[in-house]
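Q: I'd like to ask some things about the structure below.
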Amino acid sequence: MGEAEVHRTVEAVWRIESGRVIAGLAALVRDVGQAEELAQDALVAALETWPREGVPANPGAWLMTVGKRRAVDALRRRQTQDRKVAELGRDLGGDEFTPDFDAAFEARIEDDLLRLIFVACHPVLSPIARAALTLRLLGGLSTDEIARAFLTSEATVGQRITRAKQTLAAARVPFEVPGPADRAERLDSVLEVIYLIFNEGYSATAGDDWMRPALCQDALRLARLLQGLMPDEPEVHGLAALLEIQASRTAARTGPDGQPILLNDQDRGRWDQLLIRRGLAALDRARALGGTPGPYALQAEIAACHARARTPDQTDWARIATRYAELARVVPSPVVELNRAVAVSFADGPAAGLELARALADEPALARYHLLPSVLGDLLAKLGRHDEARREFERAATLTDNARERALLLDRAAACAGQKKS
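Read left to right, the sequence shown gives residues 20 to 441 (this note's numbering).
Have a look at this one:
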């Protein structure tokens with residue numbers, strides 16, 4: 020294996036195993052920032068050693084073992100020869116570096132991973148800081164990769180991650196899974212971060228591309244990881260179901276030149292049936308666990324209605340409208356109401372949908388939300404009110420920061436202008 024190939028292997032291993040390595044080290048040193056530094060030291064050691072000695076049979080365990088050695092060295096340098104140093108030294112065979120690679124990944128590593136997820140997504144941090152830290156610690160992304168994903172500078176992301184670690188340290192956030200008293204709130208914070216990461220990839224808020232699929236894949240990986248760690252939480256499966264089904268449309272959502280293709284215009288033959296099956300299975304698991312469906316499970320129910328329809332005409336829009344009404348009761352939101360208006364327009368006609376959408380015109384939360392005038396434009400066009408529709412599409416185009424979406428909206432405005440002239 021050549022050096023370049025080894026380096027690619029190291030990068031792939033790091034992307035897969037970094038979360039587990041950092042989690043295991045954080046459980047030892049009780050400091051997320053220090054744990055990441057130790058893991059990075061292990062990564063550097065791999066880049067130096069593996070091209071010369073070959074990739075080990077268990078590369079993740081190799082990284083963990085080296086990270087533990089670095090932890091021992093750091094503790095010794097600080098002259099803290101306490102019980103932990105002695106235990107770590109015994110685990111690693113004293114001064115002779117002949118580690119048991121399989122033992123390096125202890126059974127408790129899954130528990131450590133769950134602890135790391137809850138720490139990285141702690142509500143003391145802002146949502147965007149949680150997302151950046153989660154991608155860094157659990158996704159194995161570099162600062163540069165995160166910056167490119169969110170269309171910001173590497174310096175900004177670096178500062179955001181540094182401040183997040185400092186905030187966690189200052190707040191003395193314990194490295195533990197929250198107890199029953201605040202477990203639900205903390206889990207909501209974790210799910211929110213994964214959903215935020217997915218959405219930024221699925222419908223990019225800015226830039227030249229409508230989607231950034233790599234972010235969707237990172238979010239999917241985190242959702243699947245969480246399913247394995249928390250198999251008895253219905254909303255964990257609900258979120259996974261939603262993301263699997265949404266991601267199934269990726270190949271059909273853009274044309275050859277990257278232009279957006281709206282849901283009802285997509286070639287459903289290009290939807291990924293494996294992801295749909297995974298999503299429906301996760302939704303079945305969420306239902307089987309019982310209880311009142313949460314917001315992610317309800318959204319997954321809506322996505323499932325689309326996934327099951329072979330053609331747009333077969334979509335059960337009445338069921339979708341009912342699910343949106345339930346969602347509005349669980350998480351009241353003008354955005355949910357706007358989506359309900361769209362569903363009602365398909366179930367009961369564009370006039371009924373327009374009435375609901377018009378009622379949201381004065382909502383402060385939607386004042387700069389480009390999808391409100393976009394929906395209004397679509398419904399007005401269906402009613403033959405093309406001049407009004409054109410104005411709404413043009414207004415929507417001024418509110419979006421995504422170049423592809425802006426072009427789509429202006430095209431629709433021009434189409435309305437053409438309809439008026441004819």
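All C-beta atoms, glycine included, are put in the ideal place defined by N, C-alpha and C.
1) From Arg289 to Arg272, what does the alpha carbon distance come to, in whole angstroms?
2) When you compare each of Glu195, Ala190, Asn218 to Ala168 by their alpha carbons, which one comes out closest?
3) Check Thr181 in the structure and name its three-state DSSP category.
4) Ala183 to Arg149, Cα distance in whole Å?
5) Where does Ala276 sit, in a helix, a strand or coil, going by DSSP?
6) If you pair each beta-carbon of the stretch 302 to 320 with each one of the stretch 252 to 265, do three or more pairs fall below 8 Å?
7) Grouping DSSP H, G and I as helix and E and B as strand, with all else coil, what is Asn421?
8) Pop quiz: Val25 and Trp69 are said to be a contact at Cβ under 8 Å. What is the actual Cβ separation, rounded to whole angstroms?
9) Could you tell me whether the Cβ atoms of Ala386 and Phe412 are closer together than 8 Å?
10) For Arg205, does the count of other Cβ atoms within 10 angstroms reach 16, so buried, or fall short, so exposed?
11) Quick check on the DSSP output: what are the complete alpha helix (DSSP H) runs of length 4 or more inside the stretch 56 to 103, in order along the chain?
12) CB Val138 to CB Phe194, shorter than 8 Å?
13) Go through its chain and collect everything with a Cβ distance to Gly21's Cβ below 8 Å, but skip five positions before and after it.
14) Would you mind stating whether Leu234 and Ile216 have Cβ atoms separated by less than 8 Å?
15) Along the alpha helix (DSSP H) that carries Arg446, what are the first and last residues, could you check?
16) Is Ala415 near Gly396, with beta carbons less than 8 Å apart?
17) According to DSSP, is Glu407 helix, strand or coil?
18) Looking at the structure shown, is Thr269 part of a helix, part of a strand, or coil, going by DSSP?
19) State the DSSP-derived secondary structure class of Arg329, mapped to helix, strand or coil.
20) Which same chain residues end up closer than 6 Å to Ala378 when comparing Cβ atoms and leaving out the 5 residues on each side of it in sequence?
21) To which residues of the same chain is Gly38 closer than 8 Å at the C-beta, ignoring the five residues directly before and after it?
22) So Glu382 and Pro353 are in contact, right, with Cβ under 8 Å, and what is the actual spacing, rounded?
23) If we call anything under 8 Å between Cβ atoms a contact, is Arg410 one with Thr419?
24) Can you tell me whether Leu379 is helix, strand or coil according to DSSP?
25) So Cys235 is in the alpha helix (DSSP H); what residue range does that whole segment cover?
26) By Cβ distance below 6 Å, which residues in the same chain neighbour Leu213 in space, the five residues on each side in sequence not counted?
27) Identify which residue in Arg342, Gln265, Pro250, Leu281 has its Cα closest to the Cα of Leu308.
28) Please report the straight-line C-alpha distance between Trp81 and Ala61, rounded to a whole angstrom.
29) Could you compute how far the alpha carbon of Ala200 sits from the alpha carbon of Ala408?
30) According to DSSP, is Arg49 helix, strand or coil?
31) Which first and last residues belong to the alpha helix (DSSP H) in which Asp201 is found?
32) Starting from Gln292, trace the alpha helix (DSSP H) both ways and give me its first and last residue.
33) Do you know how far the Cα of Gln178 is from the Cα of Glu115?
A: Taking the coordinates as given:
1) Cα atoms of Arg289 and Arg272: separation of roughly 9 Å, rounded to the nearest angstrom.
2) Among Glu195, Ala190, Asn218, the Cα nearest to that of Ala168 is on Asn218.
3) helix
4) 8 Å
5) Inspection of the sequence shows that residue 276 is occupied by Asp rather than by Ala. DSSP places Asp276 in coil when its eight states are reduced to three.
6) yes
7) When DSSP states are grouped into helix, strand and coil, Asn421 belongs to the strand group.
8) Confirmed, about 5 Å.
9) Taking 8 Å as the Cβ cut-off, Ala386 and Phe412 do not qualify as a contacting pair.
10) Classification for Arg205: buried.
11) 78 to 96
12) Annotated as proximal: Val138 and Phe194, with beta-carbon spacing under 8 Å.
13) none
14) yes
15) This structure gives no information on residue 446, because the portion of the chain shown stretches from 20 to 441.
16) yes
17) helix
18) Residue state, collapsed to three classes: helix.
19) coil
20) For Ala378, there are no CB contacts under 6 Å within the same chain when 5 residues up- and downstream are skipped.
21) Leu132, Leu135, Leu156, Leu157, Gly158, Gly159, Leu244
22) Glu382 to Pro353, Cβ: 4 Å. Contact.
23) no
24) coil
25) 232 to 248 is the extent of the alpha helix (DSSP H) around Cys235.
26) Before going further, note that residue 213 is Ile rather than Leu in the sequence given. These residues qualify, in order along the chain: Ala238, Leu241, Ala242.
27) Pro250
28) 8 Å
29) 50 Å
30) coil
31) Segment: none, Asp201 is in no alpha helix (DSSP H) and carries neither H nor E.
32) 292 to 307
33) Note on Glu115: pLDDT 43, under 50, position unreliable in the model; the coordinate value appears next. Looking at the two C-alpha atoms, the distance is approximately 39 Å.
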